[in-house]
Amino acid sequence: GAGVSQTPSNKVTEKGKYVELRCDPISGHTALYWYRQSLGQGPEFLIYFQGTGAADDSGLPNDRFFAVRPEGSVSTLKIQRTERGDSAVYLCASSLGVSPDTQYFGPGTRLTVL
Amino acid sequence: AQSVTQLGSHVSVSEGALVLLRCNYSSSVPPYLFWYVQYPNQGLQLLLKYTTGATLVKGINGFEAEFKKSETSFHLTKPSAHMSDAAEYFCAVRRGGGSQGNLIFGKGTKLSVKP
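These protein sequence lines map, in sequence, to chains A and B. So in this note's numbering, spot 52 of the first sequence is number 192, and the numbers just go up one at a time. So in this note's numbering, spot 113 of the second sequence is number 277, and the numbers just go up one at a time.
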C-alpha cells in the first residue's frame, strides 16, 4: 500500500515569508509525528498528533511554528516569518497508534530559506 | 529523560567485512529501541526494533542488534558488508510500555563500503 507522502519535496523561500508543508499519512494510522533534520544531525521531534489533537507539541522551537490535523488524517506544518535557521529537512511519520507504535517515515520536505 | 549516543559519525569497512555500528542509550524507564537506515535523498526506513522479549533482534537485509541492559547498548551488526549497505544509520529510543510518543535519535553514523 501507499506509504507516507509529503509535499512539496523541495521548497525554497525568502526570509520572512510564510510556508506550509503537507503530510499524508498511511491510511488508518491515527498517530502522526513531525520531525526536523538539520544537516549532519539526527531527526529532532517537533510535534505529535493522536487523531485531530496535538498530544505533545513540546518540540516546536517557538511560536512561529504551528501544525494542524483537522480531520485526523492529513497534517500541515506552518511556519511564519521564516528565518535562515529554519532551513532543514522536515520529516513526517505515522503509526497505528497502538504500542509498540512503529513509526513509518515519509521522504521529507527540504526547506531552504534564502 | 532519554538520550542516544552513536559512537563514530563515519565508519568505513571493506566489502565482505563485519559491520559494527555502536549505539548507547540513556533511559529512566524501560526503553524501546530502533535502528533506521537512510539512503541518499530517501526517507528513514526501519531496520529493526527491540520492544520486549528476546534481546537479540533480527532485521531486514541481514542486520541484527542485541539489547544489553547492563551496558545500556544496542549495537547494530552484519556479518558481511555489501556495497548496497552504504547509507546513514540512526539509532533511536522511546518510552516503552503502553504509551506512545516521539523517538529520540542519535546523530547518525555514515557507513561506507569499499570494494
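The C-beta atom is built at its ideal place from N, Cα and C for all residues, glycine as well.
- Look at Gly270 (chain B): its C-beta is under 8 Å from a C-beta on chain A.
- Contact check between the segment 167–176 of chain A and the segment 221–241 of chain A: three or more CB pairs, one atom from each, fall below 8 Å, which counts as touching.
- Spatial neighbours of Val152 (chain A) in its own chain (CB-CB distance under 6 Å, excluding positions within 5 residues in sequence) are listed in chain order as Thr252.
- Those residues of the segment 162–195 of chain A placed with their C-beta closer than 9 Å to a C-beta in chain B are Ala171, Tyr173, Tyr175, Gln177, Gly180, Gln181, Gly182, Pro183, Glu184, Phe185, Leu186, Ile187, Tyr188, Gln190 and Ala195, ordered along the chain.
- Neighbours of Gln206 (chain B) in chain A, taken as residues at a C-beta separation under 7 Å, are given in chain order as Pro247.
- Linking Lys213 (chain B) to Arg186 (chain B) through their CA atoms gives a straight-line distance of about 15 Å.
- Residue-level contact check: Lys233 (chain B) does not touch chain A, since none of the beta carbons of chain A fall below 8 Å from its beta carbon.
- Residues are counted here when their Cβ sits less than 9 Å from a Cβ of chain A; for the segment 219–233 of chain B the count is zero.
- In this structure, DSSP gives Ser234 (chain B) a helical state, which the three-state scheme calls helix.
- Judged by beta-carbon spacing, Leu171 (chain B) lies beyond the 8 Å limit of Val257 (chain B), meaning their Cβ atoms are not closer than that value.
- For Leu231 (chain A), the chain B residues whose C-beta falls within less than 9 Å of its own C-beta are Gly207 and Leu208, listed in chain order.
- Look at the segment 204–224 of chain A: it has no residue with a C-beta under 8 Å from a C-beta of chain B.
- If you check the CB distance, Gly156 (chain A) and Arg221 (chain A) come in under 8 Å.
- At least one CB of chain A lies nearer than 8 Å to the CB of Lys213 (chain B).
- Around the Cβ of Gly225 (chain A), a 10 Å sphere holds fewer than 16 other Cβ atoms; the residue is exposed.
- In this structure the segment 208–223 of chain B does not lie against the segment 165–179 of chain B, because fewer than three pairs of beta carbons, one per stretch, are closer than 8 Å.
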